[in-house]
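And the structure:
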């Protein structure tokens, strides 16, 4: 039985994964044409954008992989959310160094700063549900209870 928090976590992981894959592939295929304010930025920025588009698509696949696991792994969610937060902090640094970007970039920055705390809060929700109900989860054997202990010692062969 999954809690509302656990279901929300899984849904948000799927949403983040699908969005990142779609956005990443859009950048790989569209280059500068899909970056507001960068359509005429030249070949170097086009190359950079397509490269980072591929990286972002891979990032999305990592979210999808996390969403497909039962329970959703808290450590993976925390790392992926931390990377997203770092992207938002990078945009803040860019504002301080280079000035205000195109408006859509500000919307993206707001999401990159606002969503990670939600993921951090939800991160352990799915695993805690399984642990509380005795089902497979973090720190438990995924196939059931641990094998009974025996009195025999296992020693390495020489």
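Residue numbers (the numbering used here): 1 to 158.
Cβ coordinates follow ideal geometry from the N, Cα and C atoms, glycine included.
Through-space distance from residue j to residue i, alpha-carbon basis
i: residue 45; j: residue 27; result: 11 Å
i: residue 80; j: residue 52; result: 16 Å
i: residue 5; j: residue 117; result: 14 Å
i: residue 90; j: residue 126; result: 30 Å
i: residue 82; j: residue 2; result: 25 Å
i: residue 111; j: residue 103; result: 13 Å
i: residue 23; j: residue 56; result: 8 Å
i: residue 54; j: residue 96; result: 27 Å
Outcome for residue i when other beta-carbon atoms lying within 10 angstroms are tallied against a minimum of 16
i: residue 100; result: exposed
Of the listed residues the options, nearest to residue i (C-alpha basis)
i: residue 58; options: 36, 19 and 85; result: 19
i: residue 32; options: 48, 9 and 115; result: 48
i: residue 14; options: 36, 23, 61 and 108; result: 61
i: residue 50; options: 29, 114, 109 and 115; result: 29
i: residue 71; options: 122, 16 and 94; result: 122
Residue i: CB within 7 Å of a non-hydrogen atom of the ligand ZN
i: residue 101; result: The ligand ZN is absent from the structure shown, which contains no ligands of any kind.
Query raised in the report: Does the pairing of the region 71-85 with the region 33-40 give three or more beta-carbon distances under 8 Å?
Result: no
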